[in-house]
Structures are given as structure tokens and as C-alpha cells.
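Q: Next up is a structure, given as C-alpha cells.
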Amino acid sequence: RTTDRMPILDLLKKLFGTQPLRYEVSGKTIIVNKRKTENNTNPAGSNDLLDLKGKVLNEKGDPVIGATVAVKGSERSTATTLDGSFTLRGVQKRAVIIVSNIGFESRSIKLSGDAEITVVLKLAPTEMKEVVVMNTGYQQLPKERATGSFEQISEKKFNQRFSTGILNRLEGLSSTILMDRRFLSPGSYKLEKGNISIRGLSTITETIKSPLIIVNNFPYEGDLESINPNDVESITVLRDAAAASIWGARAGNGVIVITTKKGNYKQATRVTVNSNLMVMNKPDLFYMPYMSSRDFIDVERMLFANGKYDNDINPSNQMRPAISPVIEILASQKNGSITEERANQMIDSLSHFDVRNDFSKYVYRSAVTQQYAVSLSGGSQNMKYALSAGFDKELLTLIGNDTRRITLRSDNAYMPAKNLEIHLAVNVASALYNNNAIGEFGSGAWNYFNQYPSKLLYPYASLADEEGRPRSIPRNYRMSYINSLQVPGLLNWEYKPLDEIRLADNATKKLDLLLEAGINYKIIDGLQLNVNFQHQVANVNMDRHHGLETYYGRNQINLFSR
75 RTTDRMPILD
85 LLKKLFGTQP
95 LRYEVSGKTI
105 IVNKRKTENN
115 TNPAGSNDLL
125 DLKGKVLNEK
135 GDPVIGATVA
145 VKGSERSTAT
155 TLDGSFTLRG
165 VQKRAVIIVS
175 NIGFESRSIK
185 LSGDAEITVV
195 LKLAPTEMKE
205 VVVMNTGYQQ
215 LPKERATGSF
225 EQISEKKFNQ
235 RFSTGILNRL
245 EGLSSTILMD
255 RRFLSPGSYK
265 LEKGNISIRG
275 LSTITETIKS
285 PLIIVNNFPY
295 EGDLESINPN
305 DVESITVLRD
315 AAAASIWGAR
325 AGNGVIVITT
335 KKGNYKQATR
345 VTVNSNLMVM
355 NKPDLFYMPY
365 MSSRDFIDVE
375 RMLFANGKYD
385 NDINPSNQMR
395 PAISPVIEIL
405 ASQKNGSITE
415 ERANQMIDSL
425 SHFDVRNDFS
435 KYVYRSAVTQ
445 QYAVSLSGGS
455 QNMKYALSAG
465 FDKELLTLIG
475 NDTRRITLRS
485 DNAYMPAKNL
495 EIHLAVNVAS
505 ALYNNNAIGE
515 FGSGAWNYFN
525 QYPSKLLYPY
535 ASLADEEGRP
545 RSIPRNYRMS
555 YINSLQVPGL
565 LNWEYKPLDE
575 IRLADNATKK
585 LDLLLEAGIN
595 YKIIDGLQLN
605 VNFQHQVANV
615 NMDRHHGLET
625 YYGRNQINLF
635 SR
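Residue numbers for the sequence shown follow this note's numbering, so the first one is 75 and each next one is one higher.
Structural data, given as C-alpha cells:
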């Protein structure tokens, strides 16, 4: 009997050191198994060892955390850290390395003597699920580490809808964002920041009721139309009070965080081309109930008989306010210029017209949207880049209104030294908006008398004759008064709406420039220094040209010539 004592682990190591068995300690249990014979995966005569270092990345270039890196045929293995890196010491130069992780396809890599490697894992076909990463505008966090209520919209989900605007693409994709179209006209479907809300209104002030928009970690005050939707990588919607701890009171109406696409280090050049075409039918003007021309004429007859228009047709009225054709005919009958039979014939011919037919034929059209985009991304050991260009063309439902937009974006990052990254991005958007349409059916633009009380366009108006030539309708002054003028130098005072669409020359030009710069320095693991800068310039130029042939030009000349 001996009084010598030895720790159990030291004893096991001594007992099994030369045995063809191995052991494992699990709690108070010792498990003994047959030792596996280590295969010699190296060529004969090559027994050199090296300290292997490397990184494990996914297909987007992001680090894979916790991936297992093992030497085939041995017990040697390790796991990747937060930045995807790993180290295996004493590995044979021709060994086979197996890299695996849950949700990814495993890879076997035969070493060729290099001390550093980079391994890219592909998602397993049965595990092709999105990894939800919340972007608060300051940092990116995995879903399980994020606090507060948020909604993540990935690039794949975002591209399920087609539109040239970011907010329009979000419509129907998020249950969090409420799209308010109540004040949009049928021919205008573009949503703006004032048309959306996230958690209701926290203020009664119209100017600050919109959600806070964050683009690449900075509040964005410009027009979102300046950002091409094809450049968007992901969108995170912060929808509770936790966002206020990051962005303050501005987050009271919710926050939309937009992240644009960037390149990846050690990535081959990737070229992406997108082309979209959308056709939208013109509005159905017959969908809503509308008073018929015959009923409208009956009302005009009744009002005329009760003296409603006596002041308008009074010869002493110096304003000569515009009146409808039916009232003009009834006035001519009243003063004896035409007979009652002739008046009835003329009015009956007008009752067969429905101005909605002319609007559908000459004012509205099917809207066509074309979008083209091309992008290049990639990177080397110390540089990554993303370049994109886009061209959009829209023919809106109102004839005379169209849009053209060109966007250019460059996003580059450089690593001149270890742990130091310099970032520079430029976004340029140039847009041309032609606004030559007169207005929607039923809008105030079609009032033939704009002073109080204004007079809406009558339903029996005719905008063109049988051959499609524009017809004149009353505008501000009585037709009988205009036709009776015999003043030398006066220009034609007729108003033909279809000619006005052709002669209009109204355009808005927008130029947006967004410059981003930043420096990121990794001090130690878990501690980084970020310095970011953003400069934004927006220039809007509105041109309104009224030529001599337009009604506006002729009206101004005549008013100063009478």
C-alpha cells in the first residue's frame, strides 16, 4: 500500500499514453473508446509543420462565426472567432482541412503549403433562409441580440415589387408601414415621405410628421427619388420607443434605415444587369357614377328659368363671365336671336356628348415605366468597390407628363494599413420632370371660370371634332363676347385644351449630389473608432415657358390691349 496521491487526469494521461485507446471525461463519467489511427495525408517524405491561419466567410463576404475547422484524420480542430478568423498550430503542409458550420455546405481543402487561407462557405440548399441582421443606423446586430421592435426587409423581398421609387416598393411588403394615398390624384402614384406613417402621429405639425429616414448611418433630408432602388441592399424599420434612445425625438414617428450595396474584399468582379417594364392602364372614368349630360342640361334649364344666370348674361356686366353653351343658347333664345325650336335642336345635339370619352381618348393614356440598371462589385486584398448606373423613363397616365432619371453611384473602401479602413462614396442623380398636362378629370384646372364662384366643366363638353381636331370651350369670358370683338391688334382669344397640352413647355430639373466619407480603425477586438462625414447638395430648377401661341400668352397680350 502506498500513500502517494496523483490527480485523476494526470493518472489517466499516464495510463492511456501508450495504449491504443483514448478517453473522454464527462462530469463524473470516464468514456473509453478505441483510438483512431491518424491518416498520413501528406506525400511521403514531407513532414514539415506550419501554423495555419485563415478566415471563413459566407458568399457575401461576411465572417462566419463559430465555424468548425478540423484536420482530416486527426483530433485537431478549432472554431472561428467573431471576425471569422482561426488558427491551427502544428499542421502538416499537405494536410486536408475540413470546414463546416450549421446551415452551410462543408468544404474539404487540401493545403499547398500556404500559411494563410480564406474559405468561402455556401448556404446549404435545405437551409437557404435569410440571416436577419438589424441595422440601427449605428451598428448591425443579429436578430437574437437586438432589442426593441423592428422589421427587416431583405434585398430579395424588396425586389419582389417593381417601382422607380423606394417607398413605392415598400408598399405591401411591410405590415408596419401605413401608406396613405388619400391625397394622391389618380394619375400620380408616387409616394413621398409625407404619405407614410409607422407608429401613428406623435405631432400635429405637418412638417415633422414623417418618419426619420436613415441612409448609410446618416439622416437623409433629400428626395428619396434620388436613390435608385436597385442600389438598396436592405431596409430595417424601427417601430418602437427603443429607436428614440438612438436617434432622439426625431424617432417619435418611427425610423426607416436604408443600407445600400457595397463590394467585398477578396471577391471576384460581379456584374449585375436589371431591366424592368411596367404598363399601367389609364383610369376608368366610367367607374364612378356621374351625372349624365341630359340630366345636367335639365338642371341648367331649371336654374336659368329661376334667374340663376341673370347677372351673368346681363349686358351691363363688364366682367362678361364665361357661361356654358346651354346657358349661351338659352340667353340667345331669351333675347330673340334664335327661335325656341332652333334652341331646342342645338341643346339636343349637345346632350349626346359625354366629355369622359374625350378625356379617355385625348387626355389619358396607359402609363409605361422602363427601368435599366447595371452594377459592378468586387474587391482585392486591400480594396473593395461597388459601381452602379441606372436610367429610368416614365410616361405617366396624363398625356404631357413624363419623367427621365439618371443615377450614378460609386462606393469604395481601402485598407492602406492593418486595422485601418478608409471609405468614400458618391451618389449623383439627375432627373427631368415634364409637367405639360392640364390636370385630372374633375380637377380645378378644368374650371372654365376660375373666379368665385368657380364653374366646373360641364359633362357635355367636346374637346375635339369627329376628325380629332381640337375644339374650343369657354374660358373666363363668354364665347359670344369674344366672337363679337373687333378690336385691331387683339389675338385669337379661344381656348382649346388639347392645343394647350401640345404647346405647354413646363419642366423641372433636379440634380442631387451625396458625398460620404469615413475612417474606421480597429483599436482592439471589440473596440473600433469610426469617423464619418456626409455632404448633400440638391438643386431644383423650374422652367415655365408660355409661348405666344398658348392661351396664357394670348390672354396676357389681349388684357393689356383692350
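Ideal Cβ positions, reconstructed from N, Cα and C, are used throughout, including at glycine. These figures come from a predicted structure and were not determined experimentally.
#1: Start and end of the alpha helix (DSSP H) containing methionine 420?
#2: State buried or exposed for serine 454, treating a residue as buried only when at least 16 other CB atoms are found within 10 Å of its CB.
#3: Run the CB neighbour count on valine 173, radius 10 Å, all protein chains shown included, and call it buried at 16 or more, exposed below.
#4: On the criterion of 16 or more Cβ atoms from any shown chain inside 10 Å, does alanine 118 qualify as buried, or is it exposed?
#5: For the putative contact between proline 395 and phenylalanine 523, defined by C-beta atoms under 8 Å, what is the C-beta separation to the nearest angstrom?
#6: Quick check on this structure: which residue in Ser484, Asp157, Ile547 and Gly147 has the alpha carbon closest to the alpha carbon of arginine 168?
#7: With C-beta atoms as the reference, is valine 448 less than 7 Å away from alanine 463?
#8: Below 8 Å on the Cβ atoms is my guess for valine 605 versus isoleucine 593; work out the distance and round it to an integer in Å.
#9: Please report how far the alpha carbon of valine 193 lies from the alpha carbon of lysine 129, in whole angstroms.
#10: Can you tell me whether alanine 487 is helix, strand or coil according to DSSP?
#11: Report buried or exposed for aspartate 188, applying the criterion of at least 16 other Cβ atoms within 10 angstroms of its Cβ.
#12: Report back the beta-carbon spacing between lysine 570 and aspartate 297 to the nearest angstrom; my notes put them in contact at under 8 Å.
#13: Can we say the segment 607 to 614 touches the segment 505 to 513, given the rule of at least three CB pairs closer than 8 Å?
#14: For glutamine 445, is the classification buried or exposed, using 16 other Cβ atoms within 10 angstroms of its Cβ as the cut-off for buried?
#15: Starting from methionine 352, follow its DSSP beta bridges and name the residues at the other end.
#16: With a threshold of 16 other CB atoms inside 10 Å of the CB of proline 642, please say whether the residue is buried or exposed.
#17: Could you name each continuous alpha helix (DSSP H) segment of 4 residues or more that falls completely within the segment 260 to 334, going from the start of the chain to the end?
#18: Starting from aspartate 617, trace the beta strand (DSSP E) both ways and give me its first and last residue.
#19: Could you please give me the residues that DSSP links to proline 533 through a beta bridge?
#20: What is the DSSP secondary structure of leucine 587, counted as helix, strand or coil?
#21: How would you label arginine 628, buried or exposed, when you count the other beta carbons within 10 angstroms and need 16 or more for buried?
#22: Only counting the same chain, and skipping five residues up and downstream in sequence, which positions put a Cβ closer than 8 Å to that of isoleucine 401?
#23: Among the candidates Ser319, Thr142 and Lys336, whose CA atom is the shortest distance from the CA of glutamate 307?
#24: Which of the three DSSP states is assigned to valine 138 in this structure?
#25: Please list, in chain order, all residues of the same chain as glutamate 568 whose beta carbon is under 6 Å from its beta carbon, the five residues on each side excluded.
#26: Buried or exposed: where does leucine 469 fall if 16 or more other Cβ atoms within 10 Å of its Cβ makes it buried?
#27: Can you give me the start and stop residues for the alpha helix (DSSP H) that leucine 244 sits inside?
#28: Please classify isoleucine 251 as buried or exposed, where buried requires at least 16 other C-beta atoms within 10 Å of its C-beta.
#29: Please work out which residues of its chain come closer than 6 Å, Cβ to Cβ, to isoleucine 330, disregarding the five sequence neighbours upstream and downstream, and give them in chain order.
#30: Could you please give the first and the last residue of the uninterrupted beta strand (DSSP E) stretch that includes serine 228?
#31: Please say whether arginine 344 and glycine 452 have beta carbons closer to each other than 7 Å?
#32: Could you tell me the alpha carbon to alpha carbon distance between alanine 198 and threonine 142, rounded to whole angstroms?
#33: If you draw a straight line from the C-alpha of phenylalanine 178 to the C-alpha of alanine 144, how long is it?
#34: Using CA atoms only, rank isn't needed, just tell me which of Asn304, Ala315 and Gly268 is closest to glutamate 295.
#35: Under the three-state reduction of DSSP, which class applies to phenylalanine 160: helix, strand or coil?
#36: What are the boundary residues of the alpha helix (DSSP H) that valine 173 is part of?
A: Walking through what the data contain:
#1: Walking along the sequence shown from the start, residue 420 turns up at place 346. Per DSSP, methionine 420 belongs to the alpha helix (DSSP H) from 414 to 424.
#2: Working through the sequence shown from its first residue, we reach residue 454 at position 380. With fewer than 16 other Cβ atoms within 10 Å, it is exposed.
#3: Counted from its first residue, the sequence shown places residue 173 at position 99. Buried is the call here.
#4: If you number the sequence shown from 1, residue 118 lands on position 44. Residue placement at alanine 118 is flagged as unreliable, the pLDDT there being 42, under the threshold of 50; the coordinate-derived value follows with that caveat. The residue is exposed, with fewer than 16 neighbouring Cβ atoms inside 10 Å.
#5: In the sequence shown, residue 395 corresponds to position 321, counting from 1. In the sequence shown, residue 523 corresponds to position 449, counting from 1. The beta carbons of proline 395 and phenylalanine 523 sit about 6 Å from each other, so the pair counts as a contact at 8 Å.
#6: Translated into the one-based positions of the sequence shown, residue 168 becomes position 94. Each of Ser484, Asp157, Ile547 and Gly147 was checked against the Cα of arginine 168, and the nearest Cα belongs to Gly147.
#7: Mapped onto the sequence shown, residue 448 falls at position 374. Mapped onto the sequence shown, residue 463 falls at position 389. A contact, by the Cβ cut-off of 7 Å.
#8: Position 531 of the sequence shown, counted from the first residue, corresponds to residue 605. Position 519 of the sequence shown, counted from the first residue, corresponds to residue 593. The beta carbons of valine 605 and isoleucine 593 sit about 5 Å from each other, so the pair counts as a contact at 8 Å.
#9: Numbered from its first residue, the sequence shown carries residue 193 at position 119. Numbered from its first residue, the sequence shown carries residue 129 at position 55. Cα-Cα distance, rounded: 6 Å.
#10: In the sequence shown, counting from the first residue as 1, residue 487 sits at position 413. Strand at alanine 487.
#11: Residue mapping note: residue 188 aligns to position 114 of the sequence shown, counting from 1. Residue environment: aspartate 188 is assigned as exposed (fewer than 16 neighbouring CB atoms within 10 Å of its CB, all protein chains considered).
#12: By one-based count along the sequence shown, residue 570 stands at place 496. By one-based count along the sequence shown, residue 297 stands at place 223. Rounded, the Cβ-Cβ distance is 35 Å, inconsistent with contact.
#13: As far as the Cβ criterion goes, the segment 607 to 614 does not touch the segment 505 to 513, which means the pair count is below three.
#14: Residue mapping note: residue 445 aligns to position 371 of the sequence shown, counting from 1. Buried, by the Cβ-count rule.
#15: Looking up residue 352 in the sequence shown gives position 278. Listed as beta-bridge partners of methionine 352 by DSSP are Thr443.
#16: The chain is shown only over 75 to 636; residue 642 falls outside these bounds and no answer can be derived.
#17: Segments of the alpha helix (DSSP H) lying fully in the segment 260 to 334: 318 to 321.
#18: On the sequence shown, position 543 is the one that residue 617 refers to. Its beta strand (DSSP E) spans residues 601 to 619.
#19: The residue given as residue 533 occupies position 459 in the sequence shown. Beta-bridge pairing links proline 533 to no other residue.
#20: Indexing the sequence shown from 1 puts residue 587 at position 513. In this structure, DSSP gives leucine 587 an extended state, which the three-state scheme calls strand.
#21: Locating residue 628 in the sequence shown gives position 554, where the first residue counts as 1. Arginine 628 should be labelled buried.
#22: Counting from 1 along the sequence shown, the entry for residue 401 is found at position 327. So the list reads Glu374, Phe378, Tyr383, Asp386 and Ile387, once near-sequence residues are dropped.
#23: Taking the first residue of the sequence shown as position 1, residue 307 is located at position 233. Lys336 is the residue among Ser319, Thr142 and Lys336 whose C-alpha sits nearest the C-alpha of glutamate 307.
#24: Residue 138 sits at position 64 when you count from the first residue of the sequence shown. Note: valine 138 maps to coil in three-state DSSP.
#25: As a first step, residue 568 must be located in the sequence shown, where it is residue number 494. So the qualifying residues of the chain are Ser546.
#26: Here the question's residue 469 lines up with position 395 in the sequence shown. Buried: at least 16 other Cβ atoms inside 10 Å.
#27: Here residue 244 refers to the residue found at position 170 of the sequence shown. From DSSP, the alpha helix (DSSP H) with leucine 244 extends over 240 to 244.
#28: Translated into positions along the sequence shown, residue 251 becomes position 177. The residue is buried, with at least 16 neighbouring Cβ atoms inside 10 Å.
#29: Position 256 of the sequence shown, counted from the first residue, corresponds to residue 330. Around isoleucine 330, the same chain offers Pro285, Ile287 and Val311 as residues with beta carbons nearer than 6 Å, after the five sequence neighbours per side are excluded.
#30: Position 154 of the sequence shown holds residue 228. Annotation for serine 228: the continuous beta strand (DSSP E) segment containing it runs 224 to 228.
#31: Taking the sequence shown and counting its residues from 1, one reaches residue 452 at position 378. Taking the sequence shown and counting its residues from 1, one reaches residue 344 at position 270. Cβ distance < 7 Å, so glycine 452 and arginine 344 count as in contact.
#32: Here residue 198 refers to the residue found at position 124 of the sequence shown. Here residue 142 refers to the residue found at position 68 of the sequence shown. Distance between the alpha carbons of alanine 198 and threonine 142: 16 Å.
#33: Your numbering for residue 178 matches position 104 in the sequence shown. Your numbering for residue 144 matches position 70 in the sequence shown. Rounded to whole angstroms, the gap between the alpha carbons of phenylalanine 178 and alanine 144 is 15 Å.
#34: On the sequence shown, position 221 is the one that residue 295 refers to. Comparing alpha carbon positions, the residue from Asn304, Ala315 and Gly268 closest to glutamate 295 is Gly268.
#35: Here residue 160 refers to the residue found at position 86 of the sequence shown. Of the three classes helix, strand and coil, the one that applies to phenylalanine 160 here is strand, per DSSP.
#36: Taking the sequence shown and counting its residues from 1, one reaches residue 173 at position 99. That residue, valine 173, is in no alpha helix (DSSP H); its beta strand (DSSP E) goes 170 to 174.
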